[in-house]
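Q: Protein chains in written order, with the numbering used here: chain P, 1 to 477; chain Z, 1001 to 1827. The beta-carbon is built from N, C-alpha and C at its ideal position, and this holds for glycine as well.
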Amino acid sequence: MSSSPTNPSRMQTRRDWLSKSACGFGSLALAAVHNRALDASDNRRSLPLIVPKAKRVIFLFMQGGPSHVDTFDYKPLLAEQHGKTNDFADDRVEAKTGARKSPHRIMQSPWQFQQYGETGRYVSSLFSETARHIDSLCMVHSMHTEGVAHGPATLFLHCGSTNTVRPSMGSWIHYGLGTENENLPGFVSLCPSAGNGGPRNYGNAFLPALYQGTPIGTADGANLKLSNMAHPSHDVDTQRRSLDLTQRLNALQLANHPGERDLESVIQSYELAWRMQQSAPNMLDLAQETQATLDLYGVGQKDTDRFGRQCLMARRLCESGVRYVQVNYGDDSANPAWDQHSDLPQHEKHAKRVDRPIAGLLQDLRQRGLLDDTIVWWGAEFGRTPYAQENGTGRDHNPSGFTMWLTGGGIQSGISFGNTDPFGHQAIENKVHMHDLHATILHLLGIDHQRLTFRYAGRDFRLTDVHGRVVHEIIQS
Amino acid sequence: MPTPCSLPSPFLPQLTSIRHAVRLALAFGACTVLLNEPRCFSADDAAADPAALEFFESRIRPVLVEHCYECHSDAADQAGQQQAGLWLDTRDGLRLGGDSGPTIDLEDPSSSLLLSALRYDSLEMPPSGPLGDRVAADFEQWIEQGAIDPRISADSALNPSNLRLPNKKEIDLESGRNHWAYQPIPMPPTRPANTESHTSTSFPSTTVIDQFISARWPVPQIAPQPSASRIELIRRVTFDLTGLPPTTEAVLQFQRDSSPDAVERLVDSLLASPDFGEQFGRHWLDVARYAESVTLRGLVQHQAWRYRDYTVDSMNRDKPYDQFIREQIAGDLLPSSSLSQTWEQCVATTFLTLGNTNLEEQDKEQLRMDVVDEQLTVIGSAILGQTLGCARCHDHKFDPIPTKDYYALAGIFRNTQVLDDDNVSRWIETPLPLPADELAIYKNAEQQIADLKTNIKAAESDKDEAQRMAHAEQVKVWKADLKAMQDVLQNRPKFMASRERKTIEEGQILIRGNVHNQGAATPRGFLSVLGEPQTPTPMPSDQSGRVQLGEWASSPHNPLVARVWANRLWVWLCGQGLVRTPDNFGTTGQPPTHPELLDYLAGRLIQNQWSTKALVREIVLSDVYQRSSRRRADLDAMDPDNRYWGRALAKPMSAESMLDSIIVFSRDLDQQVGGKLLPDSLQADYGFRIETSRRAIYWPMLRNAIPELMRTFDGANPSMVTGQRNHSIVATQASFMMNHPWVVDRCRLAAQRFLRDNSASDHDRVDQLYWLVLGRAPVAAEMNLLLDYVEADRQIAGDNSSEQQEVRRWGRMMQSLLSTVDFRYCP
């Protein structure tokens, strides 16, 4: 039988190094007891050693695409030229017709922008609470990505590919670094959308199943718990006696199959599951939080309760050692949450629901010292156009220029990087492609994006395909 | 169009890559002409015009050095940063251009690629941001003035022999043909030459397969494991051939049957059972990435199930494998002698349409190519064991598959349409052929619908209001009739179809796989490494060429197809392949552990008219299949990976077998074969759940709603070719078995029925329970454990142990047995 992740010699070098590294990764125990698929394709041993600045990631996914020119990318020109028609290189028009330029009516933001913090950067009234943290945020105004429609762009955001089935970023990171808590999954997606790629956005694709994201909750914010963590009707004692029976039978059967490590692994998996079901619900239980903390996140208040719970749970999961937590604000529809093709003012409703929980999360992470080694990353599959869609009251998708912000875990505080053109339509200065951002986040975690590969169908695949540039300019030196 | 270098003009637009330029130059002697053209390519001009030279040095060269050399120069090449086959550090490199074609156009300077890239109008260069209008204007002026460029070195004149073509090594097909998988399959299949040396009492080598195994056996002193026990054997072969557990009666009968042909009779009866088609049909569905919805928008494909039933039926009827392949590639174009044959062949081609496609890709040219790429990737892996997708953007890095071959194959599928374009494109549903009387029903419905619509429209648009009122009742009736007729028409059988495009085109290379960057034309065709270079198959001008592809891909002379299929059967029966990368027979895959045996099996397949059942039968009747799966220290030491097959592998029970077994235990299995389980009204698959007593293969396979058991226990990912399932052992599986309500409910149902029919003592009940779940009697220690459990549990519950509590108790015991390794692994 070939070696497995539980074989201590297998990851010796990296494990040794990680345990000695500045960040002190500690145990790299894997929640899998055995995974045969790994043996042939595992390329992790060749990972180079980059000093990690972060241990984990929280991604705040604003599904549908909030408008950057109405939130974090202030463009006074839009008010000056409001109502005028100009030729723009619209991505959808170009994809459909090949036409480079088409006329569109410029539309100003309905929201006021004001300067915040010592860095004096502009944020609109939609995110006035998040804006209190402006001095610790790194704004990347020059994002651009692939895919004009939600489906492809959402998959690209998560998996680095618009169409072909590829592992999600969280799966790659879990595969690369393992987990810090063997009683919890290493990659969790809170309340993920079933739409626009659904499970593929947290899927392991060709990576072993161990690295798949575990969805907790549904897109409507309900069912915020791990599944199969308790017997539907039995009390703990009854179930433990059942498990004891199982394990005694297993011990007898194992004696008949000497040396079958798989069978031993199955037996261990039951003990692990048992431990998980004792500890995981506790880890996810928000009732243990103080009222002050609940208030901080807006839990218990009408608008913010749902996303506040998710953000608070993200913090608890991070504290418990989960490597990658995605907090989703979206829904299952084809035009998800922030997708205001018409009626842009709807943005207000969504902002109201997420702004305070996000600000609360940032404050809470900082107070607990978690922000130092946790990357918090905010954004969507794309931004929106600075002009009205079809002369209406909304904005269309814009993958050519938009804003994402990052903070914590080795990210430079208080800087803005890159720029869109004066309208906010296309990224023009210090452009950061989604592949680049992926590469940068992996780098912060100590992973060379060009070296974290997995062999599948005769090829070594990676998150950034053959692309990606680490944006050193936004990393703390 | 006048050209600066007097090339025959039709060829100029094709000057799109260095290699192509070279090929053209060599083919037409154009290079000489090119070099002799004085205005553009002589360095003397530069020397004679110091102003031009000064302009280059002050305005052009600094920009190139600062912004372009990082990725397009010798230095970049040495640093491993070289991009797009483009060198901008010499005059020649700049003029020849890279993968995207020549950078400058001296006749029409404003349309130069270099300018549009600088202006971010085509490519966007440099990637760090546009350099501004001034720089672009400088370059335009420079090109207008003849692109004077002094960067000519002695050894890099514009001469093909001096061109640097790093990474552009031509694939050597001749040496590529030496790869084991491309060798012809010896026919008739040959038997091992010399087996006496290893044939001994400890290694009897009764069948030809065993003789091959014995011929490679490394240590004669060590004997392989003997045959598994009868009880293990019937469990193994029943699960392997049908996916279901053997009945207690069958086990007992087989145990008693000591006749020499007992195993053969058992195998034949299993092969004849309709369960066989379900088990092997499911195997093929893994390979065919079968599902009934696409991930994006969760759109439900209501006709996909017909393809599932087609595979089950094909396996049950033991359709020759070559025919099975031809039908799936080109069934709609093949001759047919009956309506039912046409029907079947049409449904087969749904295979081509099953990709998990991004239907809302807005660039429809890109979508068309993505679909083709998916089809080629699947056909490559599933049928040929080749990783064709690697050649989409460049020549295959490891295998002898040039990009030209990829686009030759792609040409076939570019002429085949599987989507109708729209904002969200749509797969094509086409009515299936019907006998005249049935057809008449639908024709009649169509006619009635048309008539009713006319009538309704006329009545509703009557200008006279009184008349309209008078007709109102009638219109109501008509509308009801219309709805009824539309429902009738809705039920007309359709299938997910492929259709030939109206205009048939030859293939076209796409540079770096970019659909908007067309390279040279390439005739439709197959893999040149397998072909006879002198006699390419002629492609029809009025058809895509799928018929020819189907012939080629299923030919007995194609060395891959029979080998790949024989190896797949070995994987499914023995748990590992002779080639352990069943989807990849290329050089990055593993070579066969027993090449002669693989050739023999492939040859037998062809010899037996491609009968899958005959080959399955031959394999399961071999000693090597029937060996005990127990480990043994000496075997482990000799061969830790079991590459010599000294023992059988204990196979993890598949998700489907687990689900089917649990339904069997609750005595609830509905063994109906085929049919549709999805509700017709379902539009999107989000959150869809079903619980049925049908076998797992019939549970709708919806990509956003894969049943939890399949997800948890390594079911196939329905978006990719899965020749061998993952085998993971994770805590979530244990949690599922311990807590999932479906498992709990099924166990209670099983216990209820079990208790009803087993009023005997606890001892006898435990015995029965073991036979039911594990297909064997408990050993004494197991019996004692369970009896102790029953007693203790009753005590805890108190004296008033109710019937309901008893059901729960035995349900828990059943659940415990399901959680044991003897259930999770097939012996």
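Residues in its own chain within less than 7 Å of Z/W1427 by CB, not counting five upstream and five downstream?
A: So the qualifying residues of the chain are Q1301, T1353, V1418, L1419, M1496.
Q: Could you tell me whether any Cβ in chain Z is nearer than 7 Å to the Cβ of P/G458?
A: Cβ-Cβ to chain Z under 7 Å: yes for P/G458.
Q: Within this structure, are the beta carbons of P/G488 and P/G213 separated by less than 7 Å?
A: Nothing about residue 488 of chain P can be reported from this structure: the residues present for chain P run from 1 to 477 only.
Q: Are there three or more Cβ pairs, one per stretch, closer than 8 Å when the region 1559–1574 of chain Z is compared with the region 1352–1366 of chain Z?
A: No, because fewer than three Cβ pairs between the region 1559–1574 of chain Z and the region 1352–1366 of chain Z fall closer than 8 Å, the two stretches do not touch.
Q: In angstroms, rounded to a whole number, what distance separates the CA positions of Z/W1478 and Z/N1444?
A: Each residue's Cα considered, the two are about 16 Å apart.
Q: How should P/H472 be labelled, buried or exposed, when 16 other C-beta atoms within 10 angstroms of its C-beta is the threshold for buried?
A: Classification for P/H472: exposed.
Q: At which residues does the alpha helix (DSSP H) containing P/Y175 begin and terminate?
A: It spans 169–177 - the alpha helix (DSSP H) in which P/Y175 sits, taken as one unbroken run.
Q: Determine which residues of the region 78–110 of chain P have a Cβ less than 9 Å from any Cβ of chain Z, and write them out in chain order.
A: Correct list: A89, D91, R92, E94, A95, K96, G98, R100.
Q: On the three-state DSSP scale, how would you describe P/R36?
A: Residue placement at P/R36 is flagged as unreliable, the pLDDT there being 42, under the threshold of 50; the coordinate-derived value follows with that caveat. Coil at P/R36, not helix or strand.
Q: Between P/R275, P/D237, P/G197, P/P199, which lies nearest to P/N515 when the distance is taken from Cα to Cα?
A: Only positions 1 to 477 of chain P appear in the structure, and residue 515 of chain P is not among them; the question remains open.
Q: Quick check: the region 188–207 of chain P against the region 1761–1777 of chain Z, are there 3 or more CB pairs under 8 Å?
A: Output reads no: the region 1761–1777 of chain Z does not touch the region 188–207 of chain P.
Q: Mind checking whether the beta-carbon of Z/Y1698 lies closer than 6 Å to any heavy atom of the ligand ADP?
A: What this structure holds is no ligand at all, so the ligand ADP is not there to describe.
Q: Using a C-beta cutoff of 7 Å, does P/A22 count as contacting chain Z?
A: Low per-residue confidence applies at P/A22: pLDDT is 31, beneath 50, and the placement is therefore not dependable, though the value from the model is reported in the following sentence. Cβ-Cβ to chain Z under 7 Å: no for P/A22.
Q: How far does the alpha helix (DSSP H) with Z/R1546 in it reach, from first residue to last?
A: Z/R1546 -> alpha helix (DSSP H) spans 1546–1553.
Q: Check the Cβ of Z/G1298 against every Cβ in chain P and list those closer than 8 Å, keeping chain order.
A: Near Z/G1298 (Cβ distances below 8 Å), the residues of chain P are A194, G195, G198.
Q: Show which residues of chain P have a CB atom less than 9 Å away from the CB atom of Z/Q1836.
A: The structure shown has nothing for residue 1836 of chain Z, since chain Z only spans 1001 to 1827.
Q: Let me see if you follow: with CB-CB separation under 7 Å, is Z/Q1362 close to chain P or not?
A: So, interface residue.
Q: Do three or more CB pairs link the region 250–267 of chain P to the region 316–330 of chain P at distances below 8 Å?
A: Cβ pair count under 8 Å is below three, so no.
Q: Would you kindly report the start and end of the unbroken alpha helix (DSSP H) that includes Z/N1784?
A: 1780–1797 is the span of the alpha helix (DSSP H), which, as asked, contains Z/N1784.
Q: Among P/R366, P/W405, P/D364, P/Q367, whose alpha-carbon lies nearest the alpha-carbon of P/F382?
A: For the residues P/R366, P/W405, P/D364, P/Q367, the minimum Cα distance to P/F382 belongs to P/W405.
Q: State the CB to CB distance for the pair P/G147 and P/A337, rounded to an integer number of angstroms; the pair is presumed to be in contact (CB under 8 Å).
A: Contact flag wrong, Cβ pair sits at about 17 Å.
Q: Could you work out which residues of chain P lie near Z/G1575, taking near to mean beta carbons separated by less than 9 Å?
A: Neighbours of Z/G1575 on chain P: none; closest Cβ ~11 Å, over 9 Å.
Q: By how many angstroms is the C-alpha of Z/G1331 removed from the C-alpha of Z/I1401?
A: Near 27 Å, if we compare the C-alpha coordinates of Z/G1331 and Z/I1401.
Q: Excluding the 5 residues flanking P/V33 on each side, which residues of the same chain have their C-beta closer than 6 Å to its C-beta?
A: In this prediction, P/V33 scores a pLDDT of 42, lower than 50, which makes its location untrustworthy; no coordinate-derived value is stated.
Q: Among residues of its own chain, excluding the 5 on either side of Z/R1753, which ones have a beta-carbon nearer than 6 Å to its beta-carbon?
A: The residues are R1667.
Q: With 7 Å as the C-beta to C-beta threshold (strictly closer), list the residues of the region 158–171 of chain P near chain Z in chain order.
A: Hits within the stretch, in order: T162, N163, V165.
Q: P/G259 touches chain Z at which residues, Cβ-Cβ below 7 Å?
A: Near P/G259 (Cβ distances below 7 Å), the residues of chain Z are R1631, D1636.
Q: Please report the distance separating the alpha-carbon of P/H350 from that of Z/W1742.
A: If you take the alpha carbons of P/H350 and Z/W1742, they lie about 37 Å apart.
Q: Going by alpha carbons, who is nearest to Z/Q1548 out of Z/N1739, Z/L1621, Z/A1562, Z/E1327?
A: Selected option, being the one with the closest Cα: Z/E1327.
Q: Can you list, in chain order, the residues of the region 267–289 of chain P whose Cβ is nearer than 9 Å to any Cβ on chain Z?
A: Residues passing the 9 Å Cβ filter: I267, Q268, S269, Y270, E271, L272, A273, W274, R275, M276, Q277.
Q: Give every residue of the same chain whose Cβ lies closer than 6 Å to the Cβ of Z/R1380, excluding the five residues on either side of it in the sequence, and list them in chain order.
A: For clarity, residue 1380 of chain Z is Gly in the given sequence; the question names Arg instead. The answer, listed in chain order, is Q1386, L1388.
Q: Quick one: which residues of the region 1682–1697 of chain Z get their C-beta closer than 9 Å to a C-beta of chain P? List them in chain order.
A: Result list: A1684, D1685, Y1686, G1687.
Q: Grouping DSSP H, G and I as helix and E and B as strand, with all else coil, what is P/E429?
A: Residue state, collapsed to three classes: strand.
Q: By Cβ distance below 7 Å, which residues in the same chain neighbour P/R117 in space, the five residues on each side in sequence not counted?
A: Note on residue identity: the sequence assigns Gly, not Arg, to residue 117 of chain P. Answer for P/G117: I134, D135, listed in chain order.
Q: Following the continuous beta strand (DSSP E) through P/D91, name the residue where it begins and the one where it ends.
A: Unbroken run through P/D91 is the alpha helix (DSSP H), 91–97; no beta strand (DSSP E).
Q: Who are the near neighbours of Z/R1492 in its chain, counting only those whose CB is closer than 6 Å to its CB and skipping five residues on each side?
A: The answer, listed in chain order, is P1431, Y1442.
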